[in-house]
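First up is the structure itself, then whatever we jot down about it.
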Amino acid sequence: SQKIEQNSEALNIQEGKTATLTCNYTNYSPAYLQWYRQDPGRGPVFLLLIRENEKEKRKERLKVTFDTTLKQSLFHITASQPADSATYLCALDMGRSATGNQFYFGTGTSLTVIP
Amino acid sequence: DAGITQSPRHKVTETGTPVTLRCHQTENHRYMYWYRQDPGHGLRLIHYSYGVKDTDKGEVSDGYSVSRSKTEDFLLTLESATSSQTSVYFCAISGAGGVVGAFFGQGTRLTVV
Numbered sequence: 005s006q007k008i009e010q011n012s013e014a015l016n017i018q019e020g021k022t023a024t025l026t027c028n029y030t031n032y033s034p035a036y037l038q039w040y041r042q043d044p045g046r047g048p049v050f051l052l053l054i055r056e057n058e059k060e061k062r063k064e065r066l067k068v069t070f071d072t073t074l075k076q077s078l079f080h081i082t083a084s085q086p087a088d089s090a091t092y093l094c095a096l097d098m099g100r101s102a103t104g105n106q107f108y109f110g111t112g113t114s115l116t117v118i119p
Numbered sequence: 286d287a288g289i290t291q292s293p294r295h296k297v298t299e300t301g302t303p304v305t306l307r308c309h310q311t312e313n314h315r316y317m318y319w320y321r322q323d324p325g326h327g328l329r330l331i332h333y334s335y336g337v338k339d340t341d342k343g344e345v346s347d348g349y350s351v352s353r354s355k356t357e358d359f360l361l362t363l364e365s366a367t368s369s370q371t372s373v374y375f376c377a378i379s380g381a382g383g384v385v386g387a388f389f390g391q392g393t394r395l396t397v398v
């Protein structure tokens, strides 16, 4: 069966440390992998996208890696801040086809950065 | 929220009644999606649209139908609401695949009693 698993439901880290979140998938062949942030009571907000032929992507304090052999993506937040506390979702982007462009989401990891 | 509006934001309805949720976008994006979000399940794709009158089923489409008669509007209908359809529903849009991800609306909290 198809699965998208994120490493844990909740992750607590100390301010200033690097948070590492994991996304593993089975029986999918995504063209891209995306990461989103979701705050309570709000819709997810797109953060980063990485293509299947890219190994690593950076944006400010965020870094994403994508290993299509392991079927895994790692999402890093360096120098974490309390404002980074949120739920982070990974999503598999299946790429465009004649009948659409579908996204499938993991269940998310709740990150708390402790001051 | 990137020119995407869901209505209503909250609704309580009775079992067996039909319910329609509306998603309106001002971004002229081709693709539109309906997801539901439940604890322990994350976001699950209900239906999606890849153009006017072009729609297809997602992972959890049973009991739901959709229509898209204009680029800007995507309607989700619960034909006969059940308690298992109590959830938070999100609409999303996307345009240029492979460049940016999807943009989400604020969500609709639906309670079926």
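Chains as they are written, first to last, in my numbering: chain L, 5 to 119; chain V, 286 to 398.
Don't be surprised by glycine CBs; every beta carbon is placed ideally from N, CA and C.
Quiz item: Do the stretch 286 to 306 of chain V and the stretch 22 to 39 of chain L touch if we need at least three Cβ pairs shorter than 8 Å?
Solution: By the Cβ test, the stretch 286 to 306 of chain V is not in contact with the stretch 22 to 39 of chain L, since fewer than three Cβ pairs between them sit closer than 8 Å.
Quiz item: Relative to chain V, which residues along the stretch 41 to 64 of chain L have a C-beta separation below 9 Å, given in chain order?
Solution: Gln-42, Gly-45, Arg-46, Gly-47, Pro-48, Val-49, Phe-50, Leu-51, Leu-52, Leu-53, Arg-55
Exercise. Over the uninterrupted beta strand (DSSP E) stretch that includes Ala-90/L, give me the two end residues.
Key: 90 to 97
Quiz item: Is there a Cβ from chain V that is less than 7 Å from the Cβ of Phe-79/L?
Solution: no
Quiz item: Out of curiosity, what's the CA-to-CA distance linking Ala-366/V and Thr-396/V?
Solution: 9 Å
Quiz item: What number of angstroms, rounded off, separates the C-alpha of Leu-74/L from the C-alpha of Thr-26/L?
Solution: Between the alpha carbons of Leu-74/L and Thr-26/L lies a gap of roughly 12 Å.
Quiz item: Taking Cβ positions, are Pro-86/L and Pro-48/L nearer each other than 7 Å?
Solution: no
Quiz item: Looking at Asp-97/L and Tyr-40/L, is the spacing between their C-beta atoms short of 7 Å?
Solution: no
Quiz item: Gln-38/L CB to nearest chain V CB: under 7 Å?
Solution: yes
Practice problem: Find the nearest neighbour of Phe-79/L within the set Pro-34/L, Val-117/L, Leu-66/L, judged by alpha-carbon distance. | Solution: Leu-66/L
Practice problem: Compute the Euclidean distance between the alpha carbons of Ser-368/V and Thr-300/V, then round it to the nearest angstrom. | Solution: Spanning the alpha carbons of Ser-368/V and Thr-300/V requires a straight line of approximately 7 Å.
Practice problem: Go ahead and pull the three-state DSSP assignment for Gln-370/V. | Solution: helix
Quiz item: Is it true that the CB of Arg-315/V sits closer than 7 Å to the CB of Pro-292/V?
Solution: At residue 292/V the sequence reads Ser, which differs from the Pro that was named. No, the Cβ-Cβ distance between Ser-292/V and Arg-315/V is not below 7 Å.
Self-check item: Interface partners of Asp-341/V on chain L, CB under 7 Å
Solution: Thr-103, Gly-104
Quiz item: Taking Cβ positions, are Gly-390/V and Leu-53/L nearer each other than 7 Å?
Solution: no
Quiz prompt | Tyr-108/L: contacting residues in chain B (beta-carbon distance under 7 Å) | solution = Absent from the structure: chain B. Protein chains present are L and V.
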